[in-house]
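According to UniProt numbering, the sequence shown is numbered sequentially starting from 1. Glycine is no exception: its CB is placed at the ideal position from the N, C-alpha and C atoms.
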Amino acid sequence: MDIENTSTSSCFWETTLPRTPVDLPVSVDREAAAALTVQLGDRLRTAMRDGTLKSGERLPSTRALARQLSISRTVVTEAYQQLYAEGWLDGRHGSGTYVADLVIHTPSAPRPSGSGAPAEPHPPPSARRAYGGGPRRSDGAGAVPAARGRGEQMVDLRPGQPWVRDYDEAAWRRAWRRAADLPPGDRPDPLGLPGLREALAVHLRRTRAIAVGPENIMVTRGTGNGLDLVAATLLRPGHRAGVEDPGYRVAREVFAARGAEIVPCPVDEDGVVVDGLPDGLRVLYTTPAHQYPLGGRLPVPRRERLLDWARRTGAVIVEDDYDAEFRYDVAPLPALHGLDPDRVVLLGTLSKSLAPDIGVGWLVAAPDLLAAVAATRTRLSDRTSGPAQQAVAVMLERGDLDRHLRRMRLEYARRRAAIVDVLGPRVMGDTAGLHVMVELPAQTIPSLLAEAAERGVLLDSTARHHHGEEHRHGLVIGYGSASLADVRRGITVVADLIGPRLAN
Ligand SMILES: Cc1ncc(COP(=O)(O)O)c(C=O)c1O
């Protein structure tokens with residue numbers, strides 16, 4: 001069904017910003033195979049991406065849009081929720097739903113040219129830089145100045161750290177006060193507090209579409225702890241443990257510390273290469289939602305082949321779901337654990353979504369394996385702090401964590417957009433998480449890192465993430481621990497350093 005051009009009262013924005021009637025450029029087709037929610041979400045995304053809907057514009061209420069499109073209000077609500085979760089939309093304290101401040105779709109006035117001047121919210125197309133070919137500055141300087149003025153901090157664009165400075169202090173204090181209401185416990189359950197496991201089951205269902213119950217969940221102190229418990233349960237000296245290469249160094253260290261022989265497994269831009277996997281691995285560590293550090297998102301057919309391989313060879317897959325709550329413009333792909341709960345242990349953490357300091361994560365496994373891991377935990381006298389678990393349970397139950405995630409999704413989406421806007425299509429791995437990757441010729445990287453540091457920008461490369469010979473070369477750019485203004489300043493320096501290196 002195509003929507004008519006509705007310049008009637010039914011498509012007036014119902015509020016203040018702006019109050020003018022706006023034709024919402026969307027339609028849905030009842031005959032199409034795609035669900036109406038998906039169609040509506042896609043249409044709105046397209047309109048925001050191409051600038052038909054602009055930052056700060058108010059969307060119609062769910063009621064008005066449902067009426068306009070002759071669809072149910074639930075469909076509109078669900079589409080808005082998905083876009084909100086992805087960072088496209090912004091809520092302003094009960095006053096409506098707005099298009100978020102996303103750089104990608106917002107041409108605007110010329111950029112001020114002074115060094116260190118805060119970037120305006122939306123760099124104009126003329127200020128966008130692409131490798132080698134982007135427009136140069138018009139202020140005659142020829143080169144982008146240092147990201148840092150005198151006395152300013154370095155801009156840290158290395159991956160690994162989340163933004164921990166914006167949080168709801170009242171909610172944080174309330175959670176810890178409520179945690180303190182409980183007396184100290186003397187016999188910690190190796191699986192964790194039942195109430196938190198219930199709340200995590202709901203959280204996983206909602207944020208990751210993983211249908212598990214508390215009987216599948218152990219509360220850990222984070223991914224590193226989960227990895228070690230799995231390794232202590234499954235690995236014996238001489239067992240072969242596969243790790244993605246390049247990949248997360250901690251996984252290699254933990255497996256090696258348990259005496260395993262480390263087998264580096266190649267990764268391409270989509271994630272782990274299944275055809276290259278050897279037989280005889282006892283475990284395989286992988287990051288399918290957002291490969292660390294290349295950023296690939298393992299396609300569903302490859303997920304299925306990976307599980308076929310695991311079933312055929314008897315390997316257990318350890319799925320590190322470390323930053324999967326942050327997705328941009330994409331729906332989640334099914335977690336490996338959901339596709340084969342008996343073959344896959346899923347590890348999650350609050351280190352990215354809240355703070356590494358909190359020391360709470362989860363391990364999801366089939367009941368038999370979970371019981372074995374719990375026995376290991378008891379044997380090692382290992383546990384997660386009871387008060388920390390209680391505080392997290394309060395944050396989950398009151399919706400504080402959800403609200404924090406929504407806020408941070410929006411913030412990270414802006415930073416990511418700032419990077420993509422400046423570096424253009426060479427950016428890889430930008431559909432999720434808190435880092436992206438940019439491939440570069442190997443010989444250009446060391447001097448680039450050094451010059452960036454001289455200009456006040458700290459960068460990381462793929463080099464330290466390889467377990468064997470380096471075969472993917474590039475920058476791994478994190479946007480978790482730098483503010484939006486710093487990301488903009490830093491990435492302009494990066495673009496300026498990359499351009500000549502690609503031109504040569
Ligand atoms: C790939 C990967 N997994 C997991 C984590 C988080 O680990 P933990 O929960 O032990 O803090 C990180 C943190 O940087 C990471 O990069």
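- In the three-state reduction of the DSSP assignment, W362 falls in the strand class, which pools E and B.
- In this structure, DSSP gives R258 a state outside helix and strand, which the three-state scheme calls coil.
- With a minimum length of 4 residues, the unbroken runs of alpha helix (DSSP H) contained wholly in the region 382-436 fall at 386-397, 400-423.
- Judged by their CB atoms, R501 and L448 are nearer to each other than the 8 Å cut-off.
- The beta carbon of V263 sits closer than 8 Å to the beta carbons of R240, A241, G242, V243, P278, L281 from its chain, once the five residues preceding and following it are set aside; these are given in chain order.
- Fewer than three beta-carbon pairs drawn from the region 461-479 and the region 177-188 are found closer than 8 Å, and the two stretches are therefore not classed as touching.
- For P441, the three-state secondary structure derived from DSSP is coil.
- One alpha carbon belongs to R415, the other to L294, and they sit about 18 Å apart.
- In this structure, ligand 1 has no non-hydrogen atom nearer than 7 Å to the beta-carbon of T77.
- At least one heavy atom of ligand 1 lies closer than 7 Å to the C-beta of Y248.
- In this chain, the alpha helix (DSSP H) harbouring G490 covers 484-503.
- Short of 7 Å from the beta carbon of A452, and not among the five residues preceding or following it, lie these beta carbons of its own chain, in chain order: L459, V493, V494, L497.
- Look at G213 here: in three-state DSSP terms it is coil, with no helix or strand label.
- The residue from D421, Q389, R206, R377 with its alpha-carbon nearest to that of R178 is Q389.
- The region 299-316 and the region 333-344 touch, with three or more beta-carbon pairs separated by less than 8 Å.
- Apart from the 5 residues on each side of it in sequence, P288 sits with its Cβ closer than 7 Å to the Cβ of G271, L298, R303, E319, L336 in its chain, given in chain order.
- For T74, the secondary structure class from DSSP, reduced to helix, strand or coil, is helix.
- By the criterion of a C-beta distance shorter than 7 Å, G160 is surrounded in its chain by G478, once the five residues flanking it on both sides are discounted.
- Between the region 405-415 and the region 153-172, the count of Cβ pairs shorter than 8 Å is three or higher; the stretches touch.
- By the C-beta density criterion, Q291 is buried, having at least 16 other C-beta atoms within 10 angstroms.
- DSSP lists I317 as the beta-bridge partner residues of V344.
- The region 251-261 makes no contact with the region 384-402; the number of CB pairs closer than 8 Å stays below 3.
- Distance from the CA atom of R174 to the CA atom of L346, rounded to whole angstroms, is 30 Å.
- Assignment of R240 by DSSP, reduced to helix, strand and coil, places it in the strand class.
- G490 and E198 have their C-alpha atoms spaced approximately 42 Å apart.
- In this structure L229 does not touch I217 by the C-beta definition: roughly 13 Å separates them, more than the 8 Å allowed.
- For A211, the number of other beta carbons within 10 angstroms of its own is below 16, and it is reported as exposed.
- In the structure shown, the three-state DSSP call for M154 is coil.
- G224 counts as buried, since at least 16 other C-beta atoms from the protein chains shown sit within 10 angstroms of its C-beta.
- Shown here for V300: same chain residues with a beta carbon closer than 8 Å to its own, the five before and five after excluded, namely L333, P334 in chain order.
- As computed with DSSP, G478 is found in a beta bridge with H435.
- For T37, the enclosing alpha helix (DSSP H) starts and ends at 36-49.
- Around the beta carbon of P214, 16 or more other beta carbons lie within 10 angstroms, which makes this residue buried.
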